[in-house]
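Engineer:
In this note's numbering, the protein residues as written are 1499 to 1878.
(1) Between which two residues does the beta strand (DSSP E) harbouring residue 1593 extend?
(2) If we ignore side chains and look at the alpha-carbon of each, how far apart do residue 1824 and residue 1599 end up?
(3) What do you get for residue 1845, buried or exposed, if any count of 16 or more other CB atoms within 10 angstroms of its CB means buried?
(4) Under 7 Å from any heavy atom of the ligand ATP, does the C-beta of residue 1587 make it?
(5) Taking only the alpha-carbon atoms, compute the straight-line gap between residue 1560 and residue 1614 and give it to the nearest angstrom.
(6) Using the beta-carbon count (16 or more within 10 Å), is residue 1639 buried or exposed?
(7) Kindly indicate which residue of 1583, 1829, 1801, 1508 has the alpha-carbon position closest to the one of residue 1637.
(8) Assuming residue 1539 and residue 1672 are in contact, meaning their beta carbons sit under 8 Å apart, how far apart are those beta carbons, in whole angstroms?
(9) Based on Cα-Cα distance, which residue from 1700, 1579, 1855, 1575 lies nearest to residue 1528?
(10) Between 1620, 1581, 1755, which lies nearest to residue 1562 when the distance is taken from Cα to Cα?
(11) Would you mind working out which of 1743, 1775, 1782 sits nearest residue 1760, comparing C-alpha positions?
(12) Secondary structure at residue 1801, three-state DSSP: helix, strand or coil?
(13) Contact defined as beta carbons within less than 8 Å: I believe residue 1633 pairs with residue 1611. What is the distance between those atoms, to the nearest angstrom?
(14) Starting from the N-terminal side, write out each stretch of the alpha helix (DSSP H) that is 4 residues or longer and does not extend beyond the region 1665-1746.
(15) Could you tell me the alpha carbon to alpha carbon distance between residue 1751 and residue 1784, rounded to whole angstroms?
(16) Name the DSSP bridge partner or partners of residue 1505?
(17) Counting only the same chain and skipping the five closest in sequence on each side, list residues whose C-beta sits under 8 Å from that of residue 1471.
(18) Quick one: any contact between the region 1765-1774 and the region 1786-1799, if contact means 3 or more CB pairs under 8 Å?
(19) Per DSSP, what kind of secondary structure is residue 1796 in: helix, strand or coil?
(20) Is residue 1717 closer than 8 Å to residue 1727 when the C-beta atoms are compared?
(21) Need the endpoints of the alpha helix (DSSP H) that residue 1653 sits in, please.
(22) Going by beta-carbon coordinates alone, are residue 1545 and residue 1865 separated by less than 8 Å?
(23) If you check the beta carbons only, do residue 1792 and residue 1680 fall under 8 Å apart?
(24) The beta strand (DSSP E) with residue 1850 in it runs from where to where?
(25) Do you know whose CA, among 1802, 1800, 1789, lies nearest residue 1810's CA?
(26) Go to residue 1751, then tell me how far its alpha helix (DSSP H) extends in each direction, as first and last residue.
(27) Is it buried or exposed for residue 1605, if we count other Cβ within 10 angstroms and need 16 for buried?
(28) May I ask you to report which of helix, strand or coil DSSP gives residue 1858?
(29) When DSSP builds the beta bridges, which residues end up paired with residue 1816?
(30) Once DSSP output is grouped into helix, strand and coil, what is the label at residue 1658?
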């Protein structure tokens, strides 16, 4: 690796707009590494989080300190390491997990560059230590958030035993990791049947792909029938996918779901606007005795659940925010083994690759291409 420059380019958001600035490059300290960012994931709702004054899009008003350098999960190379690092080597190709937890209090969790969390500890960490994230040339990262990748296997030529993925295609793991966190949390096993709802968005589609790679049968439950059909065409192992459209008639939907029973599990991964949707109750009611239910939806308010059915059938509710570092490591083992496919073979593609200066285009592209398999990245 070349010597790290004293200053770097970074996208800085001040609460009203974003602009590319020249700021000091972070320095590695004990417990951290500095990485050179190659490709950073852009969320479909980026323009609502990094809201621009005067914009006609809604402002999600996520809590975080400003100014800050936004960002998400990323693929990068190690540029410098703290004195206590024994595994990382300069130049290593790595994946950056953007779920950071306090080392001495795991309940203090936040998403750097996106959400400061909801405890005093998480706010302190984001404000004072990891305020700047991956929409920059370099980024300071906790050692425990770095996953070293098998570069030869992942990006090597197929004739030499590689999988032939492009660097930016590896960023799709940032979408796959979210539902994988919920699926491993409920210990989904091969041969089980799981409802995924809503299934047609980026994360719902990713949940379908990951559950299939784990050996499960998936009932993809979503509002758009055409999108459900397309999802079934995109994912490998589609013979284990059943599709059910959400009609809004809970009794009819429940009957349609139960045709594929018995159902062992349900992963809910709905967006904020789906909090009042009937799919939550109908999915829970469709599951069988002792079913495992993972709640990962981004709902702001309370949602109604069928308490008597849950209690009477010994169903288990699991709440999961994002994923653990161990989940990321296992996910990449699946990718490296070829069990979980990415890129075109896995139904995903990079639909936008943008420089820092093209941040508006990146936000717009991500909003317009938000269904399963479509990924926009920033390449600082």
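The beta-carbon is built from N, C-alpha and C at its ideal position, and this holds for glycine as well.
Note that the structure is predicted; figures quoted are calculated from it, not measured.
Structural biologist: The short version:
(1) Numbered from 1 along the chain shown, position 95 holds the residue referred to as residue 1593. Residue 1593 -> beta strand (DSSP E) spans 1591-1594.
(2) For the purposes of this step, residue 1824 is identified with residue 326 of the chain shown, where counting begins at 1. For the purposes of this step, residue 1599 is identified with residue 101 of the chain shown, where counting begins at 1. Spanning the two alpha carbons is a distance of roughly 13 Å.
(3) As a position in the chain shown, residue 1845 is number 347, starting the count at 1. Per the 10 Å Cβ criterion, buried.
(4) Only the bare structure without any ligand can be found here, which leaves the ligand ATP out of the picture.
(5) By 1-based counting over the chain shown, the position of residue 1560 is 62. By 1-based counting over the chain shown, the position of residue 1614 is 116. The straight-line gap from Cα to Cα measures roughly 8 Å.
(6) Taking the chain shown and counting its residues from 1, one reaches residue 1639 at position 141. Buried, because 16 or more other Cβ atoms sit within 10 Å of the Cβ of residue 1639.
(7) Here residue 1637 is taken as the residue at index 139 of the chain shown, counted from 1. With distances taken between Cα atoms, residue 1637 lies closest to 1508.
(8) On the chain shown, residue 1539 is found 41 positions in, with the first residue counted as 1. On the chain shown, residue 1672 is found 174 positions in, with the first residue counted as 1. About 4 Å separates the two Cβ atoms, so the contact holds.
(9) Indexing the chain shown from 1 puts residue 1528 at position 30. For the residues 1700, 1579, 1855, 1575, the minimum Cα distance to residue 1528 belongs to 1579.
(10) For this step, residue 1562 is matched to residue 64 along the chain shown. The shortest C-alpha separation from residue 1562 is found at 1620.
(11) Locating residue 1760 in the chain shown gives position 262, where the first residue counts as 1. Residue 1782 is the option with its Cα nearest to residue 1760.
(12) Taking the chain shown and counting its residues from 1, one reaches residue 1801 at position 303. It is coil, neither helix nor strand.
(13) On the chain shown, residue 1633 is found 135 positions in, with the first residue counted as 1. On the chain shown, residue 1611 is found 113 positions in, with the first residue counted as 1. Residue 1633 to residue 1611, Cβ: 7 Å. Contact.
(14) 1671-1683, 1700-1711, 1723-1732
(15) Stepping through the chain shown from its first residue, residue 1751 is reached at position 253. Stepping through the chain shown from its first residue, residue 1784 is reached at position 286. One C-alpha to the other measures close to 9 Å.
(16) What you label residue 1505 is simply residue 7 of the chain shown in a count that begins at 1. DSSP, once it has assigned bridges, lists 1522 as partnering residue 1505.
(17) With the chain covering 1499 to 1878 only, the question about residue 1471 has no answer from this structure.
(18) yes
(19) The residue labelled residue 1796 in the question sits at position 298 within the chain shown. If DSSP states are grouped into helix, strand and coil, residue 1796 belongs with coil.
(20) Along the chain shown, one-based indexing puts residue 1727 at 229. Along the chain shown, one-based indexing puts residue 1717 at 219. No, the Cβ-Cβ distance between residue 1727 and residue 1717 is not below 8 Å.
(21) Looking up residue 1653 in the chain shown gives position 155. It spans 1649-1653 - the alpha helix (DSSP H) in which residue 1653 sits, taken as one unbroken run.
(22) In the chain shown, counting from the first residue as 1, residue 1545 sits at position 47. In the chain shown, counting from the first residue as 1, residue 1865 sits at position 367. Their beta carbons are under 8 Å apart, which means residue 1545 touches residue 1865 by this criterion.
(23) As a working note, residue 1792 is residue 294 in the chain shown. As a working note, residue 1680 is residue 182 in the chain shown. Going by C-beta atoms, residue 1792 is nearer than 8 Å to residue 1680.
(24) On the chain shown, residue 1850 is found 352 positions in, with the first residue counted as 1. Taken as a continuous stretch (DSSP letters only), the beta strand (DSSP E) holding residue 1850 covers 1847-1852.
(25) Translated into positions along the chain shown, residue 1810 becomes position 312. Among 1802, 1800, 1789, the Cα nearest to that of residue 1810 belongs to 1789.
(26) Along the chain shown, one-based indexing puts residue 1751 at 253. Element bounds for residue 1751: 1748-1756.
(27) As a working mapping, residue 1605 is identified with position 107 in the chain shown. When all chains shown are included, residue 1605 counts as exposed.
(28) Start at 1 with the first residue of the chain shown, and residue 1858 comes out as number 360. If DSSP states are grouped into helix, strand and coil, residue 1858 belongs with the helices.
(29) Residue 1816 sits at position 318 when you count from the first residue of the chain shown. Per DSSP, 1792.
(30) Indexing the chain shown from 1 puts residue 1658 at position 160. Helix.
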